[in-house]
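Numbering-wise (my numbering), the sequence shown opens with residue 31 and increments by one.
No residue lacks a Cβ here, since even glycine has one placed at the ideal position from N, Cα and C.
Values in this document were obtained by computation on a predicted structure and should not be read as measured data.
Below: one structure, written as structure tokens.
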Amino acid sequence: MEPERTCIGCRIRSTKSSLVRFVEKNGSLVCDGRNVEFGRGAWIHPTVQCLDTALSRKAFGRALRAHVSVTHEARAQLVQELERSVPVSSHQAKAERLMDN
């Protein structure tokens, strides 16, 4: 059974592989697409709607227990990072591995 996390935007529990992790570095948000960064992480669905909801509710600051400020330029960069790091579901990855054999 795969671990579950809660999206800080919509508050819906989902599998870890279907969410994207963000961490705080030097007061700014960084997308941790490979889940290798140290420290506290905040998880969201890879949608702009969940990102905007989390930003408007200031959920990143609470989840990361750090002051995180996001400007309009930083938000645009986060959207680009979010689109680049869309997770592949475990079922899709498994199906692709089976098709390769």
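So residue i and residue j are supposed to be a Cβ contact under 8 angstroms. How far apart are they, rounded?
i: Glu34; j: Arg41; result: Incorrect: roughly 13 angstroms between the Cβ atoms, too far for contact.
i: Leu49; j: Cys37; result: 6 angstroms
i: Ser47; j: Ala104; result: In fact, because the Cβ distance is near 26 angstroms, the residues do not count as touching under 8 angstroms.
i: Gly71; j: Arg51; result: 4 angstroms
i: Leu81; j: Leu112; result: 6 angstroms
i: Val78; j: Glu67; result: Actually they do not touch by this definition, with Cβ atoms about 22 angstroms apart.
If I follow the unbroken beta strand (DSSP E) through residue i, where does it start and stop?
i: Thr45; result: 43-45
i: Cys61; result: 58-62
i: Thr36; result: 34-36
Taking the alpha helix (DSSP H) that residue i belongs to, which residues open and close that run?
i: Arg114; result: 102-114
i: Phe90; result: 89-94
i: Cys80; result: 78-86
According to DSSP, what are the bridge partners of residue i?
i: Ala52; result: What sits at residue 52 in the sequence shown is Phe, not Ala. Partner(s): Cys61, Ala72.
Using beta-carbon positions only, say whether residue i and residue j come within less than 8 angstroms of one another.
i: Ala106; j: Gly39; result: no
i: Ser145; j: Gly69; result: Because the chain in this structure spans residues 31 to 131, residue 145 falls outside the shown range and cannot be described.
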